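Please read the structure below before turning to the comments.
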Amino acid sequence: MSNITKSSKGQRQIPGTEGKSKISEKKSNLLAIATTNVISVPPTMSIIEGVEMMSKHSFRRLPITDPGNKKLLGIVTITDVINMMGGGSRYNLVTKRHKGSLLSALNDEIRAIASEKVDCLTPATSIQDAICLLVESGHGSFPITNPDNTIAGIVTEYDIMRMLANTVSDLTVDEIMTKRPKVVAPNVPISHVTKQMVDHDYRRLPVVKDDLLIGMITATDIMGYIGGGKVFSNMNTGSVDEVLNLPVRELMAATNIRTMTPGKRIDEVAREMLEFGIGAFPVIDNGKLTGIVTEFDLVKALAEDM
Numbered sequence: 014m015s016n017i018t019k020s021s022k023g024q025r026q027i028p029g030t031e032g033k034s035k036i037s038e039k040k041s042n043l044l045a046i047a048t049t050n051v052i053s054v055p056p057t058m059s060i061i062e063g064v065e066m067m068s069k070h071s072f073r074r075l076p077i078t079d080p081g082n083k084k085l086l087g088i089v090t091i092t093d094v095i096n097m098m099g100g101g102s103r104y105n106l107v108t109k110r111h112k113g114s115l116l117s118a119l120n121d122e123i124r125a126i127a128s129e130k131v132d133c134l135t136p137a138t139s140i141q142d143a144i145c146l147l148v149e150s151g152h153g154s155f156p157i158t159n160p161d162n163t164i165a166g167i168v169t170e171y172d173i174m175r176m177l178a179n180t181v182s183d184l185t186v187d188e189i190m191t192k193r194p195k196v197v198a199p200n201v202p203i204s205h206v207t208k209q210m211v212d213h214d215y216r217r218l219p220v221v222k223d224d225l226l227i228g229m230i231t232a233t234d235i236m237g238y239i240g241g242g243k244v245f246s247n248m249n250t251g252s253v254d255e256v257l258n259l260p261v262r263e264l265m266a267a268t269n270i271r272t273m274t275p276g277k278r279i280d281e282v283a284r285e286m287l288e289f290g291i292g293a294f295p296v297i298d299n300g301k302l303t304g305i306v307t308e309f310d311l312v313k314a315l316a317e318d319m
């Protein structure tokens, strides 16, 4: 288990922020902005129990700890769940170990899909360093561990954005958004979406028909389909193909899609994202999808304005 700590030569500054940090000394303590009441699970918990917990609490990650000494053993993320659902190497758990039976695979132990090698911060890590590492790595979160490898907290890009939301920025959405994002049609199978998400590190994909945005398919939608139990009511054979062959329109969030305009200031966008509790906005210009702006995009851009 590796610990990422502050450089012995001093704080690692985000390029362009030297000498102009607006983070007060009062807020320089990483644990002050992190979640410290962290829910963790034992490695023997079933995958379905873990996914149900993640879905119920809207977690994107779930630390795995030793039930005796509470030391961190690994972590399961929403990406690991998508990976298991046809997105990547964890799909082998279903196809090989459980002969294509999703029901059987979901009852396997959660450590079967967990990542054991976890980069961690320490309570002494500065907020500036945490932001720098999050931006450099592209990770959505870092566990914070004590010297004995027990969990002190977890800091996410949402926590960072909440802290940075009052930063004033002249940047607009069109300057930081992903232009011409990858999209999917409503009739493509879920297997296509899970593969795209894992291969390109996406958490969501716009669903487009006849050049018009009709919905979003997110990793949370797919996890919620499993964790909320709907997958079992719609399953006849227990085969993973029954789920992976479903068209996107069956799972996507298609109502009340909140969108953004390209000329809006990013600090205003960050506050709206926090208000509505969502991780991304499709960007619409003249009625057409021209981009997507995410939580990570905002954290990266606002941090450079600190």
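With the sequence shown counted from 1, adding 13 to any position gets you my numbering. Cβ atoms here follow ideal geometry from the backbone N, Cα and C, with glycine treated the same way. Fair warning: this is a prediction, and the values are worked out from it, not measured in the lab.
Under the rule that 16 or more other beta-carbon atoms within 10 Å means buried, what is residue i, buried or exposed?
i           : result
residue 76  : buried
residue 63  : buried
residue 253 : buried
residue 172 : buried
residue 37  : Caution applies to residue 37, whose pLDDT of 48 falls short of 50 and renders its modelled position unreliable; the value that the coordinates give is listed next. Burial call: exposed.
residue 177 : buried
residue 234 : buried
residue 300 : exposed
residue 257 : buried
residue 35  : Interpretation of residue 35 is limited by its pLDDT of 47, a score under 50 that renders its predicted location unreliable; the figure taken from the coordinates is listed afterwards. That one is exposed.
residue 112 : exposed
residue 219 : buried
residue 195 : exposed
residue 52  : exposed
residue 223 : exposed
residue 310 : buried
residue 161 : exposed
residue 245 : exposed
residue 322 : Outside the shown range of the chain, which is 14 to 319, sits residue 322, and nothing can be said about it.
residue 200 : exposed
residue 315 : buried
residue 276 : exposed
residue 193 : exposed
residue 288 : exposed
residue 169 : buried
residue 138 : buried
residue 110 : exposed
residue 181 : exposed
residue 304 : buried
residue 49  : exposed
residue 243 : exposed
residue 81  : exposed
Check residue i in the structure and name its three-state DSSP category.
i           : result
residue 88  : strand
residue 116 : helix
residue 45  : helix
residue 294 : strand
residue 324 : Limits of the chain in this structure are 14 at one end and 319 at the other, which puts residue 324 out of reach.
residue 36  : Unreliable positioning characterises residue 36 in this predicted model, as indicated by a pLDDT of 49, which lies under 50. The coordinate reading is nonetheless provided below. Here residue 36 sits in coil by DSSP.
residue 79  : coil
residue 129 : coil
residue 53  : coil
residue 305 : strand
residue 278 : strand
residue 264 : coil
residue 134 : strand
residue 228 : strand
residue 58  : coil
residue 10  : Here the chain has residues from 14 to 319 only, and residue 10 is not among them.
residue 102 : coil
residue 97  : helix
residue 273 : strand
If residue i sits next to residue j, beta carbons under 8 Å apart, how far is it from one beta carbon to the other, in whole angstroms?
i           : j           : result
residue 306 : residue 293 : 7 Å
residue 225 : residue 295 : 11 Å between Cβ atoms; not a contact.
residue 230 : residue 186 : That belief does not hold up - the Cβ atoms of residue 230 and residue 186 are roughly 22 Å apart, past 8 Å.
residue 286 : residue 308 : 6 Å
residue 44  : residue 165 : 6 Å
residue 284 : residue 183 : The pair is not a contact, with the Cβ atoms about 15 Å apart (cut-off 8 Å).
residue 204 : residue 123 : Contact doesn't hold; Cβ gap of about 22 Å is too wide.
residue 157 : residue 135 : 7 Å
residue 90  : residue 84  : Contact flag wrong, Cβ pair sits at about 19 Å.
residue 106 : residue 97  : 6 Å
residue 236 : residue 94  : 5 Å
residue 232 : residue 57  : Their Cβ separation, rounded to whole angstroms, is 25 Å, which puts residue 232 and residue 57 out of contact at 8 Å.
Should residue i be listed as close to the ligand HEM, given that the test is whether its C-beta is under 7 Å from any heavy atom?
i           : result
residue 240 : No copy of the ligand HEM appears in this structure; indeed no ligand is present at all.
Quiz item: Taking three-plus beta-carbon pairs below 8 Å as touching, is the stretch 150-163 in contact with the stretch 268-277?
Solution: no
Exercise. Ignoring anything shorter than 4 residues or poking outside the stretch 142-225, list the alpha helix (DSSP H) runs there in chain order.
Key: For the stretch 142-225, the full-length alpha helix (DSSP H) segments reaching 4 residues or more read 170-177, 186-189 and 203-213 along the chain.
Quiz prompt | Cβ contact check for the stretch 117-136 and the stretch 65-74: 3 or more pairs under 8 Å | solution = no
Quiz item: Hey, is the stretch 95-113 in contact with the stretch 207-215, meaning 3+ C-beta pairs nearer than 8 Å?
Solution: yes
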